[in-house]
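Heads up: the structure comes next, in structure tokens.
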Amino acid sequence: MAIPVIDFSKLNGEERANTLAQIANGCEEWGFFQLVNHGISEELLERVKKVCSEYYRLEREENFQSSTPEKLLNELVEKKKGDKLENVDWEDVITLLDDNEWPSQTPGFKETMAEYRAELKKLAVKVMEVMDENLGLPKGYIRKAFDGEEDRAFFGTKVSHYPPCPHPELVNGLRAHTDAGGVILLYQDDSVGGLQILKDGQWIDVQPLPNTIVINTGDQIEVLSNGRYKSVWHRVLATPDGNRRSIASFYNPSLKATISPAPQLVEKLKPEEDQAYPKFVFGDYMSVYAEQKFLPKEPRFRAVKAV
1 MAIPVIDFSK
11 LNGEERANTL
21 AQIANGCEEW
31 GFFQLVNHGI
41 SEELLERVKK
51 VCSEYYRLER
61 EENFQSSTPE
71 KLLNELVEKK
81 KGDKLENVDW
91 EDVITLLDDN
101 EWPSQTPGFK
111 ETMAEYRAEL
121 KKLAVKVMEV
131 MDENLGLPKG
141 YIRKAFDGEE
151 DRAFFGTKVS
161 HYPPCPHPEL
171 VNGLRAHTDA
181 GGVILLYQDD
191 SVGGLQILKD
201 GQWIDVQPLP
211 NTIVINTGDQ
221 IEVLSNGRYK
231 SVWHRVLATP
241 DGNRRSIASF
251 YNPSLKATIS
261 PAPQLVEKLK
271 PEEDQAYPKF
281 VFGDYMSVYA
291 EQKFLPKEPR
301 FRAVKAV
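If you read the sequence shown in UniProt numbering, its first letter stands for residue 1, the second for the next number, and so on.
See the structure below:
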């Protein structure tokens, strides 16, 4: 079983209807799908790979060897208890925003990643417009909901590396979770695997494919679609070989945005069906998520303060 791989360029031709249906299936049945021919040049993607790998080697690798995950794992091995580290991830990560400090020692990093983020943002908007169309919502509905009344949607990029782990059975690369926000666009390593999603009670590998963009839907898309599109549990395994690179960009609501199921979808419910999710401010949801990220997601929806 493999997650769907979809040719995004076919939206513009005779196979548009079929491509829309494939994306709808990816959203409804999987919560994850991979896009090929997504419009981002291979030349840019190759540069992104190069600068991110160089950045880790030049600016992070040495520090990881004295990091908390490394120390805790060494302590566990010395004790020979056989327990697993449950509250730590074997991951090195930084977040890129438009207005925070970026790595400065790696040649070309800032310029390349700024160009990449601009292209990813455009792709995110196109993907959301396809979701609008498939859900029967007005064009731009999801984007407008994420912007809120006065603010702008949040767009962040997480650059992660999962170094080779001497004891991958004792620690997670990244613990299982669903994503809190909206649409996530992942440029994952094309040779070192480890990303898995939970489907029908089974963990399934998200197969590494060169120069694809993996799309997954977060909790807020689940809410806006009133449960038609589900956010999906996923995790990263630690591996003994290879330094897995992962570049995830998040198109999320503004913290001030009010999120609720789209009225057009609630109106279509049968009398015996309920609106499945409350109406809430995204910043309030994030406060709950910060404490419950790795716990079951349904209680998060119930715990957030409704408006």
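Idealized CB from N, CA, C, for every residue including glycine. None of these values were measured; they are calculated from a predicted model.
Check: P261 versus R244, F146, N25 and V159, residue with shortest Cα-Cα distance; Outcome: F146
Check: Helix, strand or coil at K230 according to DSSP, with G and I counted as helix; Outcome: coil
Check: Spatially closest choice to Y229 from F32, K121 and Y285, by CA coordinates; Outcome: F32
Check: Backbone secondary structure at V48 - three-state DSSP; Outcome: helix
Check: Under the three-state DSSP convention, the category F282 falls into; Outcome: helix
Check: Those residues which DSSP pairs with D92 across a bridge; Outcome: H161
Check: Pairwise C-alpha distance: L295 and P263; Outcome: 29 Å
Check: S225 burial status per 10 Å Cβ neighbour count (16 or more: buried); Outcome: buried
Check: Beta-ladder partner(s) of W203, from DSSP; Outcome: L198
Check: Sub-8 Å separation of A153 and S254 beta-carbons; Outcome: yes
Check: Any non-hydrogen atom of the ligand ZN within 7 Å of V236 CB; Outcome: In terms of ligand content, the structure shown is empty, and the ligand ZN therefore cannot be addressed.
Check: For N74, three-class secondary structure by DSSP; Outcome: helix
Check: Candidates G227, V5, F282 and N63: closest to L269 by CA position; Outcome: G227
Check: Those residues which DSSP pairs with F250 across a bridge; Outcome: G156 and I184
Check: Terminal residues of the beta strand (DSSP E) in which L224 lies; Outcome: No beta strand (DSSP E) contains L224, which is instead part of the alpha helix (DSSP H) from D219 to L224.
Check: Beta carbon of Q196 nearer than 8 Å to that of V206; Outcome: yes
Check: Of the residues L96, V125, R143 and P138, the one placed nearest L265, counting alpha carbons only; Outcome: P138
Check: Simplified DSSP state of L137, which is helix, strand or coil; Outcome: coil
Check: Endpoints, alpha helix (DSSP H) assigned at A24; Outcome: R16 to N25
Check: As assigned by DSSP and simplified to three states, the class of L265; Outcome: helix
Check: Rounded straight-line distance, which links the Cα of P103 to that of D132; Outcome: 36 Å
Check: Stretch-stretch touch, CB-based, cutoff 8 Å, three pairs: the segment 11 to 18 with the segment 88 to 96; Outcome: no
Check: Within 8 Å, strictly: CB atoms of G194 and T157; Outcome: no
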